[in-house]
Structure formats: C-alpha cells, structure tokens
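If you count by our numbering, then the sequence shown holds residues 6 to 508, one letter each, in order.
Each residue gets a CB set at the ideal place from its N, CA and C atoms; glycine is no exception.
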Amino acid sequence: MGDPVARLASDVGALAGVHVELERPADAAHGDYATSVALRLAGEWRRQPREVAGEIADGVRGLDGVAGVEVAGPGFLNVTVADDWLAVGVAAILDAGSSFGGGSARAPERVQVEMVSANPTGPITVAAARNGAYGDSVARVLAFAGHTVEREYYYNDAGAQMERFRESVAAVRRGEEPPEDGYHGAYLAELAALDGDPVPHMLARIEASLERFRIHFDTWERQSEFEAEVGEALPLLDTYEADGATWARTTAYGDDKDRVLVRSNGEPTYFGADAAYIRRKLAGGFDRLVYVLGADHHGYVSRLQALAEMLGRPREAVEVLIYQLVHLTRGGEATKMSKRRGDVVFLDDFLDEIGVDAARWHLVSRGHDQAIEIDVDLAAEKANTNPVYYVQYAHARIAGILRHAEGADPGTVLRGDLADEERDLVKRLLELPEVAAVAAERRAPHGVPTYAIRVADDFHRFYHHHKVVGSEQQAFRLALCTATKVVIARCLDLIGVEAPERM
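Written out as structure tokens, the structure is:
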C-alpha cells in the first residue's frame, strides 16, 4: 500500500504540475494537510495565488479519500481527509509491518560508517560513547532508507602514543608507577595481570563494551596496515617534494594548507595513512565513506575531502560528521561517576548507572552539532518524566492491551466516525516515512526520539479518552494500537533502544 501521505501529495502534485509536499497544520481547524504550492506557482502562472489555489482545489476535491478542500489566507490549500482514508493508512502500516517508513533512498549507496575508533589505550569513555551512539544510529537510519551499510572501527596500533601505553602496562607489571606522561588507572593493573601485548586485550574489552552498548562492528582495521600502503596511494595523488618530504597539494582542492604525506625520514604521517585508507575503501566499492569525529576534528573535513577529489571522486564521497561534547550532571551540578579514574567517565560505569536504553536515548536525543547535558538522575528514573521510559511504557501498554484482547481480530473497517484523538494518532503514525527519510538524508537521528515522544503523547491521549477492548470500534482500535506499536518499535530500534513487551 506504500505511504498514503506521499501518494496524496503525488496526486496533488500531478494536478499542480510540480512536486508538492504536504504538512500538518498546527491548528486542526485548518484541515489535516496543507500546502503552499499555489504561492510558488503564482508567478509562473501569472495569476493571483488564491486563484491558483482555487483551480488546484477543484481537482483535489475529486481525489479518493479527500473529504474537503479550502483555500485559506494568501493562497494556502488546506485538505481534509475522510475517515476511510485514515483507516486505509492504518491498513498500510499493518501491511508493511516493521518495514513501514523505510526505503526512502532514491539512489541506494554502499556506505561505510567509521565510528568510535578510539585508540586502545583505555576503556571507552562517555565522550566516545556519543560517537558510537550517534554513528550507529546514523548507520541504522541509512540502512532503513535502503542503503547498504558497513560499520568499521579504525584504530591506531603503533606509534608514540601506543608505545607509552605499552610501557605503562609494563611498568605496572614490574611493580612500578607508570611514566608521568603515560597512562594511569586501575584498568592498567587488570591488563598487567594478562600475558603478552596489552593492545589486543584492551581491544577485546572495548569490543565487549560496545557490543553491550548494541554496537556491532563489521570490520576492525589497524592504522599500521594503511601506513604500509601509502606508497600505493602516492602515484594517484597530486603531490610534490619539499624539504625532503612528500606533500599533498590539498590547497588546490579546498584545504587551507598543503599536507605532508611522508616525512623526510621516510615515515608516513597520519594523513598519509588516511590517504591509503580512502584509496582502498573507494577502490573496494564504497560509494560513500562517513567519518564520525569529535569536535576537535573540524580541520579534517576539507583535507579528507581533498583526498577524495584527488582520487577522482566527488568531495561528497567522503563525509565527515562532527559531534560535540557530553556533560553529565547530578542535582544540577557536574558529576563524575568513574570509580577507577577521577577525570573521565567510562561507558561501562555509565551503563551500570542508567542502563543501555537510557544511555542510547539520551546520547542521540540532541543534534550532533550541539553539546549534550545529561541529567544522570533523570536518565536513571523509571518514571514518565524520563522520556525513554515514557515511550517504552507506551509500547508496553499497547502490548498489554493486545494480550488482553487475545483472540479478537483487529480490522480497519469503521463502525461510525473517528474521534479527534483517533484521527490525530493515525496522522501522527503516517509521519514516520518523512521522519525516517529526513533522519537519513540529514544524518540527524535525533529527530526520531522527538517524533517517538509525540507518538506516545498522541497514543496516551487516545487511550485516556477511548475504550479499546469491548468498544463498538474495537476492531479498528485494536488495529490502531497494533499500528502504533509497530511505529514505536521501529523508532526505538532506529536509535538502538529496546521495545519492551512488559514494564
């Protein structure tokens, strides 16, 4: 059955001769859907907007499911849909099931999302967890849109930083304090108790923490491998020699300065490894490489995109998403929860405190370009004041209703008129395709939890006013509850949160 709202917009667009987007007016008195298409067409048609709107309205009145059309204001077209049209919308959700709202990508791509990628010198922190929660949610909305997505962790396994880490563990094994410029924390003693190189042990702990956080990586790549491949990338790049080093002429491709690829001593730079990385990934069939990087990496955007251009691909083939910091508060004051180090908060401690669902929700509930302040007390609450609990409770309540009605068949044939609360809920559910499409296109999964709260609001309002089991509209209301459950579950899954059957 597809997306009923998109189909209606397409029908209106066919009458107008242009693409039309329908929006829900803030005031229900202005109809169920509205468009300003007549204002856009007035100049082209050389007529007054209200006159254009009136002509389009004449055709819209004849469309299936349209109960009324009104020309309002300077030329807005307000459309009211019939109850039967909304019932068909519920049927469309039930027919599509968990796939409802997906498949929005017009040109599906093979995408790699490289995220977290913290050096394996200590446990994952909450700051890196925001990278993971955001990056994984981006991967989820892209996959739901129809793209083929691979998640990758790219880590440094060599160099001065890693040697300081290894020496810190070695010092603890000898019963000594780590070097002043090394690494400190109780976790070093845990690593020191294990044999061999501590890096694989640390990586195993990182992977376990991220799996607990519901982030599974398809591939793990080592920086040293790409440093060995820099020589293969150099002939494909725009380079020159200066001061004994090999430089990339990135300023010719939008960067603010040229970058060194190979130092005068013959050692590749981090940027040289980036060049080898991008070369191999693009050559391997990826259409787009998405990097999720912290707020101190703004300068990486132009230099990485310059590499894509040198390799004969559009700049947009490399996409860099920058996320901001995380601040934790308790009682309105900054807080730290780690028992093992005083200056950072580890992800596992955070999950022990508030749980995986609350952590996933709160770390993606704001746009990635904004700093997040998480109230730890609120995030840990099992009450409707906590938004993730509130949405999950709506899902669990519906599951309870459906259990209570076990054996009763849902249906979308109406017996009487729909109440305002029923109409509002159906229209809200039919927004999912647009919400999911925008989240994927803008790499903005924070729109999903915002929408989920509105769905829960509308469901609770409907349930407060209307009996489901045993009502005259029981079959339809069971169908409406089922459709709501489908939509809430999909929203929660897109941000890595579970949809409980009981609470």
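Check	Outcome
Cβ pair Val2, Leu499 closer than 7 Å	Summary: the structure shown does not reach residue 2, with the chain confined to residues 6 through 508, and so no result is reported for it.
Residue burial classification, Lys490 (beta-carbon count within 10 angstroms, cutoff 16)	buried
Residue of Ala34, Thr487 and Ala19 minimising C-alpha distance to Ala401	Thr487
Whole-number beta carbon distance between Phe218 and Leu352, since they are thought to touch under 8 Å	6 Å
Contacts around Val86, its chain only, beta-carbon distance under 8 Å, and the 5 residues preceding and following it disregarded	Leu13, Asp37, Tyr38, Gly70, Val71 and Ala72
Short Cβ contact (7 Å threshold) for Asp260 with Ser307	yes
Three-state secondary structure assigned by DSSP to Leu208	helix
Local conformation of Val331 per DSSP, three classes	strand
Spatially closest choice to Leu419 from Ala92, Val74 and Ala77, by CA coordinates	Ala92
Coil, strand or helix - Ile283 by DSSP	helix
Per-residue DSSP class, three states only, for Glu426	helix
Residues bridged to Thr40 [DSSP beta-bridge criterion]	Leu82
Own chain residues within Cβ distance below 6 Å of Arg597, not counting five before or after	The structure shown has nothing for residue 597, since the chain only spans 6 to 508.
At least 3 beta-carbon pairs within less than 8 Å: the stretch 247-259 vs the stretch 191-203	no
Whether Ser214 touches Tyr158 by CB criterion (7 Å)	no
N-terminal and C-terminal residue of the beta strand (DSSP E) that Asp380 is part of	Ile377 to Asp380
Continuous beta strand (DSSP E) assignments of at least 3 residues falling wholly in the stretch 46-127	71-77, 81-86 and 115-119
Rounded C-alpha distance that separates Met120 from Ala175	29 Å
Nearest-angstrom Cα separation, counted from Val76 out to Arg264	59 Å
Any 3 or more C-beta pairs closer than 8 Å across the stretch 318-332 and the stretch 124-136	yes
Cα-Cα separation between Arg345 and Gly475, rounded to whole angstroms	No answer about Arg345 holds up, because its pLDDT of 46 lies below 50 and its placement is not dependable.
Buried/exposed call for Lys262, threshold 16 Cβ in 10 Å	exposed
Backbone secondary structure at Gly405 - three-state DSSP	helix
Exposure of Gly3, with buried meaning 16 or more beta-carbon neighbours within 10 Å	As displayed, the chain neither begins before 6 nor continues past 508, which places residue 3 out of reach and without an answer.
CA nearest to the CA of Glu446, picked from Val460, Leu99, Gly271 and Gly107	Gly107
Assigned exposure category for His367 - 16 Cβ within 10 Å defines buried	buried
Cβ pair Asp292, Arg227 closer than 7 Å	no
Cβ-Cβ distance between Ala442 and Ser104 below 7 Å	no
Cα-Cα separation, Tyr160 to Tyr395	38 Å
Bridge partner(s) assigned by DSSP for Arg264	Ala253
Integer-rounded CB distance, given that Asp16 should sit under 8 Å from Leu68	5 Å
Helix, strand or coil at Leu199 [DSSP, three-state]	coil
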